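Asker:
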Amino acid sequence: MNRAISIVASFAVTVTFAATARAAAPGAAAVERGKYLVTFGGCNDCHTPWRMTPEGPAPDMTRMLSGHPQDLAMPPAPALPAGPWVGAMSASMTAWSGPWGVSFTANLTPDPETGLGKWTEQDFVDTMRSGRHQGRGRQLLPPMPWQSLNGLTDQDLKAVFAYLKSIPAIPNRVPDPIAPAAAH
């Protein structure tokens with residue numbers, strides 16, 4: 022009888038731990054959905070540095086989603102011509118200048134020191150909902166289209182986060198934004 026109780030208890034503990042592990046770890050379907058949303062949303066267009074190739078500019082996938090390269094020092098932002106111009110961008114497509122100053126695209130890889138490695142899923146969702154870093158910090162700057170991403174469901178935002186946590190971590194410390202007065 023004691024052996025039967027022990028077996029049943031072991032089975033119950035195993036099932037509980039397996040269910041908890043499944044709930045805590047994002048499923049393959051969520052990661053795939055996140056990859057689809059990141060691809061469709063064009064995240065690589067700004068968060069992956071571009072380089073010139075014989076065929077023209079192309080994303081440098083060895084730096085996929087790692088943001089503005091820490092080793093790419095930018096000169097002062099150019100003055101914009103008169104008229105309806107709003108901004109200028111770097112050839113790497115990772116630095117943007119406009120009335121907001123200069124913004125640099127963030128490292129979206131799971132690197133714990135320079136990327137999203139220490140972020141929680143809730144930090145990510147809050148950022149996309151509020152337009153503020155980790156949902157409470159500085160404002161996200163152009164060209165980040167957080168207002169459009171705000172329209173995604175929580176499930177979709179969590180899938181994007183699951184995908185971003187699944188890609189290789191790339192250490193790359195992106196510069197802080199430059200205020201408008203200091204940009205020119």
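22 is the number of the first residue of the sequence shown in this note's numbering; add one for each residue after it.
C-beta atoms are modelled at their ideal positions from N, C-alpha and C, and glycine is treated no differently.
The model shown is predicted, which means the values in this text are computed figures rather than measured ones.
#1: Give a yes or no on whether the C-beta atoms belonging to Gly55 and Ala183 are separated by under 7 Å.
#2: In the DSSP assignment, what residue or residues form a beta bridge with Phe125?
#3: Using three-state DSSP, classify Gly109 as helix, strand or coil.
#4: On the three-state DSSP scale, how would you describe Ser82?
#5: Which residue spans inside the segment 155-200 form an unbroken beta strand (DSSP E) run of at least 3?
#6: Taking all protein chains shown into account, do 16 or more other C-beta atoms lie within 10 angstroms of the C-beta of Met114, making it buried, or fewer, making it exposed?
#7: Taking the C-alpha atoms as reference points, what is the distance between Ser124 and Ala51?
#8: Helix, strand or coil: how does DSSP classify Gly55 here?
#9: DSSP state of Met73, grouped into three classes?
#10: So, at 7 Å on beta carbons, what are the nonlocal neighbours of Glu134 in its own chain, with the 5 sequence-adjacent residues on each side left out?
#11: When burial is assigned at 16 or more other CB atoms within 10 Å of the CB, is Arg24 buried or exposed?
#12: Pro131 to Gly172, Cα distance in whole Å?
Answerer: From the atom records:
#1: yes
#2: Ala116
#3: Note that residue 109 is Ala in the sequence shown here, rather than Gly. Correct three-state label for Ala109: strand.
#4: Just to set this straight, residue 82 is Met in the shown sequence, not Ser. Here Met82 sits in helix by DSSP.
#5: none
#6: buried
#7: 30 Å
#8: helix
#9: strand
#10: Pro192
#11: Any reading at Arg24 is ruled out, since the residue's pLDDT is 48, under 50, leaving its predicted position unreliable.
#12: 24 Å
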